[in-house]
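K.L.:
Pasting a structure here, questions to come.
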Amino acid sequence: PEEAPWWTNAVVYQVYPRSFQDSDGDGIGDLGGILQRLDHLADLGVDVLWLSPVYPSPQADNGYDISDYQDIDPLFGTLAQLDELITALHARGMKLLMDLVVNHTSDEHPWFVESRSSPASPKRDWYWWRPPRDGLAGGDPGAEPTNWQSFFSGSTWEYDEASGEYYLHLFDRKQPDLNWENPAVRQAVYAMMRWWLDRGVDGFRMDVINMISKDLRGRDGAPDGHLHDGPPIPGTALGDGSASYICGPRIHEFLNEMHREVFAGRPGALLTVGEMPGVTVEEARLFTDPARAEVDMVFQFEHVGLDHGSSKWDVRPLRMRSLKASFGRWQAGLADVGWNSLYWDNHDQPRAVSRFGDDSPEFRRDSATCLATLLHLHRGTPYVYQGQELGMANYPFATVDGFRDVESVNHFGTAMVAGQDPAAVLTALRRMSRDNARTPVQWDGSPHAGFTTGTPWLPVNPDHVAWNAAAQRDDPSSVLAHYRQLIALRHEEPVVALGDFAMLLPDHDDVYAFTRTLDDRVLLVVCNLSRTPYRLTDLLPHARDGRWVLGNLPDEDPELLRPWEARVLSIG
Ligand code: ISL
């Protein structure tokens with residue numbers, strides 16, 4: 003068989019630069035700060051650093067609104083520092099993955115400024131401009147070309163008085179969507195990507211890349227986009243347009259073209275990961291089938307949607323069994339072709355220890371390490387989000403004024419206009435807001451946790467006094483030490499990277515168990531996702547003869563699986 007790609011035994015670490023480490027006292031993390039903290043990454047043993055956007059940006063969505071693709075925002079530093087980061091990472095055997103945000107630009111990007119300047123502009127067609135609905139005046143309620151709801155509340159269409167037309171923005175109004183139907187747009191993006199690869203970056207994490215192909219054709223291809231209205235969303239005047247832009251008609255063609263124009267034939271070990279909300283297992287098989295040359299792996303969203311009701315703000319209790327069913331399907335679906343990416347945390351999700359684990363003082367450490375073991379022993383490439391390796395938890399937001407994220411702020415505003423109960427909205431924000439993941443990394447127990455000498459842009463979690471990197475670094479029982487072990491295990495044991503996955507006890511409510519098998523090496527992984535102790539040998543008799551490989555609690559009683567205990571045993 004062909005040699006497995008290098009990223010099958012790699013672990014990726016995500017840095018959200020604004021909250022990682024500040025080096026100049028302005029309260030916002032920067033490249034200088036990342037350069038100071040590379041020892042932390044080396045000590046953890048990660049292989050790749052994925053850097054969330056550092057490009058020039060008005061920061062309407064913390065850098066996911068880019069106004070210049072080929073420079074660094076002074077907020078974060080300079081291109082010279084980015085070059086320095088590439089060199090420093092490579093010297094330590096690590097790689098740099100840049101964030102590629104090309105579904106949309108900032109409205110302050112020169113491309114959009116030009117596009118907006120006139121319907122006759124040669125760049126008009128680089129974005130999605132549409133007239134008001136037949137018979138309605140632009141700007142009137144309901145005159146939007148389609149009824150789609152934006153990810154960040156309100157319509158996806160913003161009216162432009164000057165030209166009497168609307169432009170499309172799936173996210174904030176300051177994030178107009180690029181028109182990938184236009185070949186000149188695609189070539190401009192590919193040229194920019196080649197420029198970064200020539201500079202030495204090792205690949206890209208591609209933001210909402212499964213949304214770049216949109217179906218806005220009307221009957222006979224006429225641009226009367228209202229034919230694409232989506233099903234109504236209860237409680238709003240808007241609809242769900244996702245059928246017209248999630249994995250749209252030309253998505254595979256575009257990604258294959260990008261591969262050909264940017265990556266094919268390039269020397270070096272590159273990595274591409276497509277962020278794909280709403281992607282199905284069946285689509286993911288196509289995206290990650292090496293023979294199709296699209297992307298190496300995708301981020302899917304099924305498991306982080308299990309506690310969503312009608313929206314992410316309608317928080318539902320999470321059944322561990324549905325988590326098993328979901329992960330199990332993805333493991334099976336991408337077993338013979340394709341590849342999984344594995345994540346709990348990122349900058350868009352609440353902290354996993356608070357959401358899937360148990361962040362009470364008694365079980366925080368054990369549930370953080372249990373969840374980590376579960377994830378890292380799956381087949382796929384694990385991603386660690388900054389602070390996850392320290393057991394960082396959700397922030398205790400007291401009032402709505404504490405939130406900074408555009409999604410949270412817009413949601414609160416919209417909910418108030420709709421007459422919802424402010425206390426209930428605050429409760430949902432506390433659980434689900436993306437700002438939970440965006441508080442500064444807790445480096446030590448000092449007042450701003452070693453993150454900044456100034457005032458942090460988002461406050462440090464008060465729990466940093468006890469939960470911080472300095473306290474954990476030399477503690478063999480820490481969350482940090484456990485992550486170090488899991489990462490080393492993937493490097494050392496081919497079965498962790500490449501073994502076949504088989505789910506055990508699919509109907510058990512609390513115990514998540516599976517095997518990984520490669521030739522005659524078999525690992526049994528058992529994780530107790532609850533406060534209830536179980537007799538392990540009753541559940542899984544073959545655990546009795548297992549030899550200890552790794553665990554998150556001291557190896558005391560082989561018969562008993564304690565609350566939030568995780569064990570990896572060798573049974574082959
Ligand atoms: O967090 C979400 C809202 O509930 C997701 O829908 C999120 O917006 C989606 O995962 C896309 O995320 C990516 O693109 C966004 C950006 O705000 C996110 O930070 C980014 O990860 C727009 O660029």
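full-length UniProt numbering applies: residue 3 is where the sequence shown begins, and numbers increase by one. Note that beta-carbon positions come from the ideal geometry of N, C-alpha and C, so glycine has one too. No experiment lies behind these values; they were computed from the predicted model shown.
1. Using 7 Å as the cut-off, classify the Cβ of GLU277 as near or not near the heavy atoms of ligand 1, replying yes or no.
2. Can you tell me where the beta strand (DSSP E) holding CYS529 begins and where it ends?
3. Given 8 Å as the limit, is there contact between the region 399-412 and the region 545-552, that is, 3 or more CB pairs closer than that?
4. Could you pull the start and end residues of the beta strand (DSSP E) that VAL513 belongs to?
5. Relative to the C-alpha of LYS216, which residue among SER479, ALA193, TRP130 is closest?
6. Helix or strand or just coil, what does DSSP make of GLY227?
7. So, does the region 183-194 touch the region 160-171, judging by three or more C-beta pairs under 8 Å?
8. Can we say the region 266-276 touches the region 240-253, given the rule of at least three CB pairs closer than 8 Å?
9. Name the one or two DSSP bridge partners that HIS450 has.
10. Report all residues from its chain with a CB closer than 8 Å to the CB of ARG406; omit the five preceding and five following residues, and keep chain order.
11. Residues bridged to residue 601 by DSSP?
12. Determine which residues share a DSSP beta bridge with ASP179 and list them.
13. Answer yes or no: the CB of PHE206 versus the heavy atoms of ligand 1, is any distance below 7 Å?
14. Please find out if some non-hydrogen atom of ligand 1 comes closer than 7 Å to the beta-carbon of GLU296.
15. What three-state label does DSSP hand HIS111 in the structure shown?
16. Heavy atom of ligand 1 less than 7 Å from the Cβ of ARG549, yes or no?
17. For ASP179, verify whether its CB is less than 7 Å away from any heavy atom of ligand 3.
18. Assign ALA293 to buried or exposed, taking buried as 16 or more other Cβ atoms, counted over all protein chains shown, within 10 Å of its Cβ.
19. So is the beta-carbon of ASP41 under 7 Å away from any non-hydrogen atom of ligand 1?
20. At the level of alpha carbons, what is the spacing between LEU99 and TRP52?
21. Is PHE405 close to ligand 1? I mean its beta-carbon at under 7 Å from any heavy atom of the ligand.
22. Roughly how many angstroms lie between the CA atoms of GLY421 and THR238, to the nearest whole one?
23. Thinking just about the alpha-carbon of each residue, which of ALA266, HIS106, ASP338, ASP465 is nearest to the one in ALA6?
24. Based on Cα-Cα distance, which residue from LYS314, GLU391, ASP477, PRO147 lies nearest to ARG219?
25. Would you check if there are 3 or more beta carbon pairs closer than 8 Å linking the region 120-135 to the region 170-189?
26. Where does TYR247 fall in DSSP's three states?
P.N.:
This is what the structure holds:
1. Yes, since a heavy atom of ligand 1 falls inside the 7 Å radius drawn around the Cβ of GLU277.
2. Under the DSSP assignment, CYS529 falls in the beta strand (DSSP E) whose first and last residues are 523-530.
3. By the Cβ test, the region 399-412 is not in contact with the region 545-552, since fewer than three Cβ pairs between them sit closer than 8 Å.
4. Taken as a continuous stretch (DSSP letters only), the beta strand (DSSP E) holding VAL513 covers 513-520.
5. Checked all of SER479, ALA193, TRP130; the closest Cα to LYS216 is TRP130.
6. Residue placement at GLY227 cannot be trusted, given a pLDDT of 47 that sits under 50; the coordinates are not used to answer.
7. At 8 Å Cβ cutoff, the stretches do not touch.
8. Two segments are said to touch when three or more pairs of C-beta atoms, one from each, lie closer than 8 Å; by this definition the region 266-276 does not touch the region 240-253.
9. Partner residues in a beta bridge of HIS450, as assigned by DSSP, do not exist.
10. Only ASP437, ARG440, TRP459, LEU460 meet the Cβ criterion.
11. A query on residue 601 cannot be resolved here, the shown segment of the chain reaching from 3 to 574 and no further.
12. Residue pairing by DSSP places ASP179 opposite HIS106 in a beta bridge.
13. Because no heavy atom of ligand 1 lies under 7 Å away, the Cβ of PHE206 does not count as near it: no.
14. It does not: the Cβ of GLU296 is nowhere closer than 7 Å to a heavy atom of ligand 1.
15. If DSSP states are grouped into helix, strand and coil, HIS111 belongs with coil.
16. Flag unset: Cβ of ARG549 not near ligand 1.
17. With respect to ligand 3, the structure shown offers nothing to examine, as its ligands consist of ligand 1.
18. Taking all protein chains shown into account, ALA293 has fewer than 16 neighbouring C-beta atoms within 10 Å of its C-beta and is therefore exposed.
19. Not under cutoff, so the answer is no.
20. C-alpha separation (whole angstroms): 4 Å.
21. Not under cutoff, so the answer is no.
22. Taking the straight line from one Cα to the other gives about 12 Å.
23. Taking only the C-alpha atoms, the option nearest ALA6 is ASP338.
24. Closest option to ARG219, Cα to Cα, is PRO147.
25. Counting Cβ pairs under 8 Å, three or more are found: they touch.
26. The answer is coil: DSSP assigns TYR247 none of H, G, I, E or B.
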